[in-house]
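Here the structure is laid out as structure tokens; the discussion comes afterwards.
In the UniProt record's numbering, the protein residues as written are 1 to 117.
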């Protein structure tokens, strides 16, 4: 599926999730209904200005319309490649560092509780 088709599919999905018909979205976006249908089917290559109108009609951002599913889910080939290259020791250290940086220090919290008694 081409990028234009992916964008069109994303527009269609968001439109349906919001319970809008093509006519309603076209009206909100200031576009011709048949043109919007062609964009959704990947038959037309919309300009940035048109994508902005559609995004406004869907109450979303252009970025959301054009982001791939991998980008929206926070996964990428680059991340997977990095994890594949890491050795077990490297991966272990990465996990430890991530935990240290993102999990509150429970020992200092216990000290405070004990000091309050």
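Glycine residues also receive a C-beta, built at the ideal position from the N, C-alpha and C atoms.
Check, Outcome
"Helix, strand or coil at residue 15 according to DSSP, with G and I counted as helix", "helix"
"Cβ neighbour criterion (16 or more within 10 Å) applied to residue 63", "exposed"
"Inter-residue CB distance, residue 54 and residue 11 (contact presumed, cutoff 8 Å)", "6 Å"
"Contacts around residue 9, its chain only, beta-carbon distance under 8 Å, and the 5 residues preceding and following it disregarded", "1, 40, 42"
"Backbone CA spacing between residue 38 and residue 18 [nearest angstrom]", "19 Å"
"Member of 59, 47, 96, 46 whose CA lies at the smallest distance from the CA of residue 20", "59"
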